[in-house]
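Trainee: Shown below is the structure under consideration.
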Ligand SMILES: [Zn+2]
Ligand SMILES: [Zn+2]
């Protein structure tokens, strides 16, 4: 079984970390890990976040991250790939997708040779919607939902990515639009299928003690019916969370 979305994040780039990941994976019946880091960790991707300047609290959130050179990560990838492990490791990035910086992103990514690339919508017209609930106050929920699904479609159509990250993460803090979402689910599922990329059933919200982790059940069924490949993903930010809640969600390969 594959865990298709596992972060290094604040853990050290060390072989000890890889050994710990192997132990947890094996205890959960996982034999393949797609390991990644966020683009917001690397100075080479600072240009991506320019559109967040439209929303000062969101840009401040981004600027509070200390960035490092991606070379540190690339060197670590080479080191791990030179060793043998009973779990297969693939290496990639979770890219914050912005419609506004798509062309520059495509150019920058030409410099690297990753095994996979997850594209995720973490910002809506500059607004970092998943940081905290308070930042939603006074915002137009219907507009944000509509734009969230539109931006996900742009992400898929860019054909830059191999997988769409957590495609209904906008529900994180329990906000719901006044309109029915089924036509948005159908449309996004069809675009994902047409562009022949994958998506994921992500249990990451469980890390925050939230109970609405995993894809909306209807959305999952729509993706399945459309013939989209849906991988399980823990979105682990610590090795202990690899495969978290996998018994409670479905995949579709
Ligand atoms: Zn994400
Ligand atoms: Zn993630």
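Residue numbers (the numbering used here): 1 to 253. C-beta: ideal position from N, C-alpha, C; glycine also.
(1) Should residue 163 go down as buried or exposed, given a rule of 16 or more other Cβ atoms within 10 Å for buried?
(2) How far does the alpha helix (DSSP H) with residue 55 in it extend, from its first residue to its last?
(3) Just reading off the beta strand (DSSP E) that residue 41 is part of, what are its end residues?
(4) Report the partner residues of residue 7 according to the DSSP bridge assignment.
(5) Quick check on residue 91: buried or exposed, where buried means 16 or more other Cβ atoms within 10 Å of its Cβ?
(6) Within the continuous beta strand (DSSP E) that includes residue 117, where are the two ends?
(7) Can you list, in chain order, the residues of its chain with a C-beta nearer than 6 Å to that of residue 166? Leave out the 5 residues immediately preceding and following it.
(8) Flag residue 14 as yes when its Cβ comes closer than 8 Å to any non-hydrogen atom of ligand 1, and as no otherwise.
(9) Please determine, among 238, 248 and 252, the residue with the shortest C-alpha to C-alpha distance to residue 17.
(10) Less than 9 Å between the beta carbons of residue 158 and residue 119, yes or no?
(11) For ligand 2, is there a heavy atom less than 8 Å away from the beta-carbon of residue 118?
(12) Report all residues from its chain with a CB closer than 7 Å to the CB of residue 178; omit the five preceding and five following residues, and keep chain order.
(13) Given a cut-off of 9 Å on the beta-carbon distance, is the pair residue 21 and residue 72 in contact?
(14) What is the DSSP secondary structure of residue 152, counted as helix, strand or coil?
(15) Tell me the residue span of the beta strand (DSSP E) that contains residue 132.
(16) Which residues mark the beginning and the end of the beta strand (DSSP E) in which residue 89 is found?
(17) Take every Cβ of the stretch 181-189, pair it with every Cβ of the stretch 127-135, and state whether three or more of those distances are shorter than 8 Å.
(18) Check the DSSP bridge columns for residue 163 and list the partner residues they point to.
(19) Tell me the residue span of the beta strand (DSSP E) that contains residue 232.
(20) May I ask you to report which of helix, strand or coil DSSP gives residue 105?
(21) What residue range does the alpha helix (DSSP H) around residue 251 cover?
(22) Could you tell me if residue 199 is buried or exposed, where buried requires 16 or more neighbouring beta carbons within 10 angstroms of its beta carbon?
(23) Give me, in chain order, the residues of the same chain whose beta-carbon lies closer than 6 Å to that of residue 341; leave out the 5 immediate sequence neighbours on both sides.
(24) Would you grab the beta carbon distance between residue 125 and residue 54 for me? Rounded to a whole angstrom, and I think it's under 8 Å.
(25) Roughly how far, in whole angstroms, is the beta-carbon of residue 96 from the beta-carbon of residue 7, given that I think they are within contact range, below 8 Å?
(26) Does DSSP classify residue 124 as helix, strand or coil?
Mentor: So, from the listed chains and residues:
(1) Here residue 163 is taken as the residue at index 163 of the chain shown, counted from 1. Residue 163 is buried by the Cβ-count criterion.
(2) As a working mapping, residue 55 is identified with position 55 in the chain shown. Per DSSP, residue 55 belongs to no alpha helix (DSSP H) and is neither H nor E.
(3) Position 41 of the chain shown holds residue 41. Annotation: residue 41 is outside any beta strand (DSSP E) and is labelled neither H nor E by DSSP.
(4) For the purposes of this step, residue 7 is taken as residue 7 along the chain shown, with counting starting at 1. Its beta-bridge partners are 36.
(5) By one-based count along the chain shown, residue 91 stands at place 91. By the neighbour-count rule (16 or more Cβ atoms within 10 Å), residue 91 is buried.
(6) For this step, residue 117 is matched to residue 117 along the chain shown. Unbroken beta strand (DSSP E) run through residue 117: 116-120.
(7) Counted from its first residue, the chain shown places residue 166 at position 166. Contacts found: 202.
(8) As a position in the chain shown, residue 14 is number 14, starting the count at 1. The answer is no for residue 14.
(9) As a position in the chain shown, residue 17 is number 17, starting the count at 1. Of the listed residues, the one whose Cα sits closest to residue 17 is 238.
(10) Residue 158 sits at position 158 when you count from the first residue of the chain shown. Residue 119 sits at position 119 when you count from the first residue of the chain shown. Between residue 158 and residue 119, the CB-CB gap stays under 9 Å.
(11) Counted from its first residue, the chain shown places residue 118 at position 118. Under cutoff, so the answer is yes.
(12) Taking the first residue of the chain shown as position 1, residue 178 is located at position 178. Result list for residue 178: 142, in chain order.
(13) The residue given as residue 21 occupies position 21 in the chain shown. The residue given as residue 72 occupies position 72 in the chain shown. Not a contact, by the Cβ cut-off of 9 Å.
(14) One-based indexing of the chain shown puts residue 152 at position 152. When secondary structure is reduced to three states using DSSP, residue 152 falls in the helix class.
(15) Looking up residue 132 in the chain shown gives position 132. Looking at the DSSP string, residue 132 is not in any beta strand (DSSP E), and its letter there is neither H nor E.
(16) Reading the chain shown from its first residue, position 89 is the one you call residue 89. For residue 89, the uninterrupted beta strand (DSSP E) run begins and ends at 88-96, by DSSP.
(17) Contact between the stretch 181-189 and the stretch 127-135 is absent: fewer than 3 CB-CB pairs across the two stretches fall below 8 Å.
(18) Counting from 1 along the chain shown, the entry for residue 163 is found at position 163. Under DSSP, residue 163 takes part in a beta bridge, and its partners are 118 and 198.
(19) In the chain shown, residue 232 corresponds to position 232, counting from 1. 230-233 is the span of the beta strand (DSSP E), which, as asked, contains residue 232.
(20) Within the chain shown, numbered from 1, the residue matching residue 105 stands at position 105. For residue 105, the secondary structure class from DSSP, reduced to helix, strand or coil, is helix.
(21) Position 251 of the chain shown, counted from the first residue, corresponds to residue 251. Segment: none, residue 251 is in no alpha helix (DSSP H) and carries neither H nor E.
(22) Within the chain shown, residue 199 is the residue found at index 199, counting from 1. In summary, residue 199 is buried, with 16 or more beta-carbon neighbours lying within 10 Å of its beta-carbon over all protein chains present.
(23) Residue 341 cannot be examined here, being either before or after the span of the chain that is shown, 1 to 253.
(24) Locating residue 125 in the chain shown gives position 125, counting from the first residue. Locating residue 54 in the chain shown gives position 54, counting from the first residue. Right, the Cβ-Cβ distance comes to about 7 Å (below 8 Å), so this counts as a contact.
(25) As a working mapping, residue 96 is identified with position 96 in the chain shown. As a working mapping, residue 7 is identified with position 7 in the chain shown. No, residue 96 and residue 7 are not in contact; Cβ-Cβ is about 13 Å, not under 8 Å.
(26) Here residue 124 is taken as the residue at index 124 of the chain shown, counted from 1. Residue 124 falls in the strand class under three-state DSSP.
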